[in-house]
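Residue numbers (the numbering used here), protein chains in the order written: chain A, 2 to 481; chain B, 2 to 481; chain C, 2 to 481; chain D, 2 to 481. Following: one structure in structure tokens, then a few remarks.
4 protein chains.
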Amino acid sequence: MAIKTGAGLIESLRKVKSVFYIGGEKVDNFVDHPIIKASLKSICLNYDLAHDPEYAELLTADSPLTREKVHLLVNIPTGPEDLVKRIEAVRLLQQKSGGTCTQRNVDPLVPAYSITYDIDQELGTEYHERYKEWLGHVQKNDLMINFSITDPKGDRTLRPHEQSDPDMYLRIVEKRKDGIVVRGAKCHQTNGIASHEKLIFPTRTMTEKDKDYVVAFAIPSDTKGIVHISARLPSDTRRYEGGIDQGNPFGSHTCTIFYNDVFVPWERVFMCGEYQFSPELLKRFGDHHRATYGGCNAGKADVMIGVTATLAEYNGLDNNSIIRDKISEMVSSAETMFACGLAAAYRGYKTESGAYHPNTVLANVSKINISRFPYEIARIATDIAGGLLFTLPSEKDFRNPDLHENFMKYFKGAKNASAEERLRMFSLLQSMIFGCNAVDLHASCPSAAGSFQAARLQINRVVDLKGKKRAAKIIAGVEG
Amino acid sequence: MAIKTGAGLIESLRKVKSVFYIGGEKVDNFVDHPIIKASLKSICLNYDLAHDPEYAELLTADSPLTREKVHLLVNIPTGPEDLVKRIEAVRLLQQKSGGTCTQRNVDPLVPAYSITYDIDQELGTEYHERYKEWLGHVQKNDLMINFSITDPKGDRTLRPHEQSDPDMYLRIVEKRKDGIVVRGAKCHQTNGIASHEKLIFPTRTMTEKDKDYVVAFAIPSDTKGIVHISARLPSDTRRYEGGIDQGNPFGSHTCTIFYNDVFVPWERVFMCGEYQFSPELLKRFGDHHRATYGGCNAGKADVMIGVTATLAEYNGLDNNSIIRDKISEMVSSAETMFACGLAAAYRGYKTESGAYHPNTVLANVSKINISRFPYEIARIATDIAGGLLFTLPSEKDFRNPDLHENFMKYFKGAKNASAEERLRMFSLLQSMIFGCNAVDLHASCPSAAGSFQAARLQINRVVDLKGKKRAAKIIAGVEG
Amino acid sequence: MAIKTGAGLIESLRKVKSVFYIGGEKVDNFVDHPIIKASLKSICLNYDLAHDPEYAELLTADSPLTREKVHLLVNIPTGPEDLVKRIEAVRLLQQKSGGTCTQRNVDPLVPAYSITYDIDQELGTEYHERYKEWLGHVQKNDLMINFSITDPKGDRTLRPHEQSDPDMYLRIVEKRKDGIVVRGAKCHQTNGIASHEKLIFPTRTMTEKDKDYVVAFAIPSDTKGIVHISARLPSDTRRYEGGIDQGNPFGSHTCTIFYNDVFVPWERVFMCGEYQFSPELLKRFGDHHRATYGGCNAGKADVMIGVTATLAEYNGLDNNSIIRDKISEMVSSAETMFACGLAAAYRGYKTESGAYHPNTVLANVSKINISRFPYEIARIATDIAGGLLFTLPSEKDFRNPDLHENFMKYFKGAKNASAEERLRMFSLLQSMIFGCNAVDLHASCPSAAGSFQAARLQINRVVDLKGKKRAAKIIAGVEG
Amino acid sequence: MAIKTGAGLIESLRKVKSVFYIGGEKVDNFVDHPIIKASLKSICLNYDLAHDPEYAELLTADSPLTREKVHLLVNIPTGPEDLVKRIEAVRLLQQKSGGTCTQRNVDPLVPAYSITYDIDQELGTEYHERYKEWLGHVQKNDLMINFSITDPKGDRTLRPHEQSDPDMYLRIVEKRKDGIVVRGAKCHQTNGIASHEKLIFPTRTMTEKDKDYVVAFAIPSDTKGIVHISARLPSDTRRYEGGIDQGNPFGSHTCTIFYNDVFVPWERVFMCGEYQFSPELLKRFGDHHRATYGGCNAGKADVMIGVTATLAEYNGLDNNSIIRDKISEMVSSAETMFACGLAAAYRGYKTESGAYHPNTVLANVSKINISRFPYEIARIATDIAGGLLFTLPSEKDFRNPDLHENFMKYFKGAKNASAEERLRMFSLLQSMIFGCNAVDLHASCPSAAGSFQAARLQINRVVDLKGKKRAAKIIAGVEG
């Protein structure tokens, strides 16, 4: 079987010699850097749970490409059940990783598959075969892919070719016999560094004048000219400290990546100037990712609900009717997000390529909901948890012999909950709301799977407003 | 084929000699009463669209019971696709009827089917066979069923047997050789009068002392002792006037029904004292009805979106970005409701009886959402529509020759929209928000498919809070 | 004292020979028309409570203009306490009239006062003296004023002079020696018919080319060429029936009004082409009316809270913690609206004319809040009230001897609440949400005191964003 | 004049020898500890701005107690304008400190003043004179007070005397001739360490059996037996790093404080067993603090609005209508919070002691609003800011010569905004939402001025529900 273990993954990543800066220093290999530890721990869950008998069926799939059992998150779905499994899988992974992103992003693999097919059909290119070749390689070696789309963008009112600096969107600066040279930057790269391969696509609708910006390709992450710089994440240095204070040993990690005149051989180029496909391409990426997000956020909510219910229990308030009502609200919000993701999956359609695509309206509605409900869930969690969420002592003070006895006495809860249990549980919630893992919560609205407003516009674009108007006119007697 | 047309339905209802009071008068037959016209028009849609080639496949099904093609809304679903069809069907029917309830309620038929099966299995009774007999009769004759559950309830803090008046919940007052005699009232009966048969079930969880209140049965609507009294609905007398002012020629109708010592033969009794099944029974009714409601409310929202978009167009504002953004919000809310209903359908399970049951958490979450989104949709519609919504003249004034020219001049819209078109469109929206059909909007929260709080409690009951707590404890390091 | 009684008001209105159409008929005098009865009852509260020793101090004021005691709602405020009294007064009036509009609109009297002063100061005109003359007449005779602003507007993307029909905004069609002739329509006129005088101002910002549309004046309501047409309001014909079914004997009433070449003498003209003052004029109208609305809506909410708490009590649920929590939410929303109105009043400023003006940002924020909270309050009321809200029988059925006993039995509540008490209370709530008085609820967002979006834009216009940006830049170290 | 400068404050705090643990270490004096620096910077603003000619009038007051000019935030208000000034002052301080808490808490000084007066009047005690003596000392020396109320509380369903451990609420363990000895802990102490004096009051309603827990007093912060332990705050160690990465050089700080058998002399005891005053005491604390919070949160929102508008400008989107609409929403929310605080201040009442008290309902409504609006404001800020908020590089990487040029190129914005400007602005927003200062945002709901639910219950307690019910009954015709 092609599926790696977590340990195997780390060994394979150790061989990728990517250029990586963090905290002002260039580090030789990121896998041993303490601040990356939590992120790798989350990523490894993807791999290890696929070997766990309880979850193997959910997390693996038969690839039509390699005719092998591959990891679910690198497989191309061909029917609704495949997409539904994906949404269930990401919910599970969030539950197991304390609501963090396990950073294996299958979503773009599929639209890249279908759009290259469509381009080839229309223009007689051979992108799809190239792409399948590459994807087979990914599946066989069970690789981590860093899919990149977002460019710096400069002035948002200007198109790529209108920017004062021509590099504000990644572009082709040279076309050679053996390949192309690209320049630019990709921002907000979850899982940027912990990857074997990059998969790059353009970030917005392009016009003919933007042709040089319409470029898609895949290359190894340690290709010359690629530079990764770690983002600073909230409370990141607690990763050095470990222990209770980091709240959750799992985490995620993001990068900025510069592409300083990077060479891409033709066999890895999947788009090169076909601007007319850019709207459909973006729609497809958005649809896939936004549908999946319903599952992610439900899983994150599950953890928050579990923590909140536990903290209420520690206060002796687990049967308080107001608190139960609020927890019921948290559940409703979680399941609403899940339902939208699922409905988008169940009601998708097959593309010409054979890859299955989620329902566009429902996928974008999923994004709208994950742009709001998580905050409301977090607010209720905060409300029920109470003030200790904001005033937890450090583990070092807690364990200081001068103080330990006092902490054990005063911080104990109802029903024999010890001070340490409470402290751990509060620290986990803290990490989700404003600690080490808070990025995962707060990025739901603006950036996860594109912005809120991008989803809004997509809904406007595809909803059958004309049909609804016509139906209203018939009822009102304005039309026959 | 067993399926009636609308005309056939009305003929058959004409033969039902139910006792009916409206406006202080006892009327001989309701089908000719002008105030009931709109409601019958909605109900007939159920029947007529099942004969429309465009919708016949959606609205019909093969009954395993009668081995005939029957109306979808009297069939027992045996898999997820059957439930999904139901949700699609109710959305369609709302779209076609201008957001009104077409009042054919299949939801209770299914839990009645499965619970009678379970009771028989456990207690050796023969309720299920009786029920199937009756249901076959319903399917073959394509009957309208008035399913009743809600009792007056008196003091809500007291159980049925604790009430000062023993009749505040419908109960068995006599058991005879040939049947039972029941007394009580059923409130809030959508489609109370336009029915061939009653199907009665208890309204709440009962204890052993409440045994006499645990009774289920079916009888013809014109059985002796049954009295229907019409509710007064908003702007009901505009039904007499017809025309533009009623806003929408479709509508729905509700009744209060008294059961003054009504005899029920044993072959029509489906429960008689089995109090221990009451919680499960209620859960099942709730689940079915709450899942379906997601479809209903999405359909109603579709109409409101269509009206709103048309009114914006009449103002020349169809491309205004703020208005488009608001309409996108309406669509999101509509589709979220639909998604929850669908997800509940897709992720249900088969009961022992073979009938398919929706997912309990998702069905109840659907109810939570339909308790809120419709108001927000209506608020946005109101916001975009503008003040004319509240100040429309009567059709009679509009057509008065003294005034007509002025109205035509001043009420015309952008892009050649005539005053009459605008007036009609506003009147339709008015009917939905505070006119003839406003009941359908405002009852979403408290009473449609049980109260908001009933859904909240059901979520609390079934959600796996223990599992979520355990998962949180593992992540936090409190449990191993 | 100049203050009329309710009876005196009606007598004086009887003498106003306004042209009025309702239900397709021209009626001679509206004061005896049964459908206007409820509206007059609300209006009379303004007058009668000013004579009630308990409220006289609140509802009267010393006019600097007439040097007499006049009704509060025709007086020009000169300090914050005057505005605060107004907000308290409208809250009281809503409480006493069951949440209906008592339709005495002082708000426009003040900006008309201050803007005419400013125009005169700048342009040497004599509008302010004319206006004071007229206002003194109003105060001395304690008249009802129908202030009109909203025009039909046609295509909203076009300015008045760009419309295909030049009359879509009211305009001067002729200037004569003795006065001007105007043509146009005024829409959405609460209190249109029950007025002695019209006070007309333009409805939007105008440019130089729109000069003919910049016209303000006052004339008697029965001036030749003025035609009033009654709006159809929800359940309006229940006003004929009276009794329990109308829910509330108080109400409000709105009109469309046509100005078919109406003559206005110069001494009653207050603006005539001064387009450059139109933005400030609109801002001032908006500010006054939007601040006041905080009080109105709090009063309406008080009634809804009272009804809801009573209905909960009738169900035996007055001590249920979830219900108490929901009622607390209703109170919060009500008081938030009140607080915004009050804060706008307390933190206003004196205009050059001496008239006191509310704070612009807070007044517009008040409008934003009254565009949302009332719906949420109504939703909670609906939720707690339960299904009977939608299925109340008619009073005639209730009193039918065939049925009365049954109703008395089954509709009685906990704690000796009789069926009639419950029916009355439900009917009151019904009238507010989708019955006779529902206009007052649903018009809060779009039209009361201008649209939601108008308030949004006004906030944008006046908020000191530059100052906030500068402060942020200093903190961030971007500016020194 | 009694008012210290910031520098003077720090000098005086240096002399306070409080016991303080942070990061597992006992530190000799907190004023030099780098992690406390930001908090002291915020606190000093209180002092320094009172010397700034622009703000001196706002931030100082004439004390009736000392007959001197004192700092506004240690003065007892005697009329509405004094409370209004307080709310304006805290808004200003938040604006100037980047939305952080400047931690000078006048709110409890006032209810302590008025309740000791009331106790003395009723019971003939001499608490009020003692308290005035102490307060005069505070005013003359312009001291920082750490007001403490919240106890650990253990099982929340049990009263203090019912807890398994008798010390879960602070209590009198010994009464001596010269004073009392107390034991317990106080949690969530904003400004715990940076204080000259403690002022302690009980945290909940007490019964007669809880008499030993009803104790109020003031003592120097370095009294023997008092132990402070620093909370770990989000990204706290960035305070060591300083620079751009901490986002905002201002901050706040919280502690847990143990009282290990601490002696309090009688002249500093202000309550000792008078349990019957505990409900009123708590109400008064809540009212004052909750009203003030309206100002705080408006100020914090001002900063967030300024940052957001600047970031939109950096993207070239400052005139985008959707973004302007969203910013208008942020302003509405900010001003609504402010309005509730102001309205509570304007509509308060004078207590018997002469101290002025805010309106209870409005103060608690203020809390309800600050429990929700700040999250919505933060969500919109996040939405508009975009993904860079989550992926900012460290300052060290930004300044690394290998990378600097690239960052300057790719992170520059529209209209000549430099990469560093953008980075600084994003870092400020990051600090507010999930960085160094995120505590100030997220604690709004659960703990600031008591919990959300505490405010709910207080509203329930004081709102005149009976009056509202009666008014409804009169309208409905149920009562005369």
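Every residue, glycine too, gets a C-beta built ideally from N, C-alpha and C. Source: prediction; values computed, not measured.
Going by CA-CA distance only, name the one from the options that's closest to residue i.
i: ASP53 (chain B); options: B:LYS16, B:LYS97, B:ILE77 and B:GLU198; result: B:LYS97
i: LYS178 (chain A); options: A:LEU50, A:PHE427, A:PHE264 and A:GLU336; result: A:PHE264
i: ALA364 (chain A); options: A:PHE427, A:ALA418, A:ASN461 and A:PHE271; result: A:ASN461
i: ILE227 (chain C); options: C:GLU82, C:CYS256, C:HIS289 and C:LEU136; result: C:CYS256
i: LYS470 (chain A); options: B:SER372, B:PHE408 and B:GLU314; result: B:GLU314
i: LEU404 (chain A); options: D:LYS86, D:GLY243 and D:TYR22; result: D:TYR22
i: SER236 (chain C); options: B:VAL479, B:CYS437, B:ASN401 and B:ALA477; result: B:CYS437
i: LYS474 (chain D); options: C:ARG285, C:LEU312 and C:PRO81; result: C:LEU312
i: HIS358 (chain C); options: C:ALA345, C:GLN454, C:GLY99 and C:LYS27; result: C:ALA345
i: ILE44 (chain C); options: C:ASP246, C:ILE146, C:ALA356 and C:LYS327; result: C:ILE146
Just confirm the distance between the C-beta atoms of residue i and residue j, as a whole number of angstroms; I'd bet it's less than 8 angstroms.
i: PRO153 (chain A); j: ALA186 (chain A); result: 5 angstroms
i: ARG240 (chain B); j: ILE434 (chain B); result: 18 angstroms between Cβ atoms; not a contact.
i: PHE251 (chain A); j: ALA39 (chain A); result: 6 angstroms
i: LEU46 (chain B); j: THR103 (chain B); result: 5 angstroms
Quick one: what does DSSP say residue i is sitting in, helix, strand or coil?
i: CYS341 (chain C); result: helix
i: SER367 (chain D); result: helix
i: HIS290 (chain A); result: helix
i: ILE227 (chain A); result: strand
i: LYS42 (chain A); result: helix
i: ASP63 (chain A); result: strand
i: HIS138 (chain C); result: helix
i: LYS410 (chain B); result: helix
i: PRO266 (chain A); result: strand
i: GLN459 (chain D); result: helix
So what does residue i bridge to, in DSSP terms?
i: GLU26 (chain B); result: B:ILE23
i: ASN147 (chain D); result: D:LYS199
i: CYS273 (chain A); result: A:VAL216
i: ARG172 (chain B); result: B:ARG184
* Asked: When you check each C-beta in the segment 396–426 of chain D against every C-beta of chain C, which residues fall closer than 7 angstroms?
  -> GLU422, ARG425 and MET426
* the segment 445–478 of chain A: which residues have C-beta closer than 7 angstroms to a C-beta of chain B, in chain order? -> ARG457, ILE460, ASN461, VAL464, LEU466, LYS469, LYS470, ALA472, ALA473, LYS474, ILE476, ALA477 and GLY478
* Quick one, which residues of the segment 316–350 of chain A are near chain C if we go by CB-CB under 9 angstroms, in chain order? -> ASN321, SER322, ILE323 and ASP326
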